[in-house]
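Each residue of the sequence shown is one higher than the one before, counting from 298 in my numbering.
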Amino acid sequence: MMKTRARMSGVAILLAVLTAGPMPNILAATPPANSSSEVAVKIDNFSFSPATITVPAGTTVRWTNRDDIPHTVVSDDKVFKSKALDTDEAFTYTFTKPGTYGYFCSIHPKMIAKVVVQ
Ligand SMILES: [Cu+2]
């Protein structure tokens, strides 16, 4: 009787240790796997960074202007078009259809980048 109890509690402790370990990793990995996740693109020093991102359909991209001058985010095919973004202002667009979406800054047309939606 005593022996069985001791073995049972030993298993319970082992299970507790095993489940406690991987849990935070599973929680941390959940947001990127979510289809409605958000991806950040930084506008800094007259460039979009990263210049190319590949995302699953349903992803929202958030562009944030980290420059001290205004920039815009305008797609080549006018699928999306931001207003002039001042410092620390952001623009978001949710990509629902797969494809390649080139975009640029209408104030500085040499600033080009793209979003590849899968
Ligand atoms: Cu610009």
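We put the CB at the ideal spot given by N, CA and C, even for glycine. Fair warning: this is a prediction, and the values are worked out from it, not measured in the lab.
- Counting the other CB atoms within 10 Å of its CB gives F343 a total below 16, which places it among the exposed residues.
- Under DSSP, F343 takes part in no beta bridge, so it has no partner.
- Using a 10 angstroms sphere on the CB of T391, the tally of other CB atoms stays under 16, which defines it as exposed.
- In this structure S333 is exposed. Its beta-carbon is surrounded by fewer than 16 other beta-carbon atoms within 10 angstroms.
- The criterion of a C-beta distance shorter than 8 Å is not satisfied by E386 and T357.
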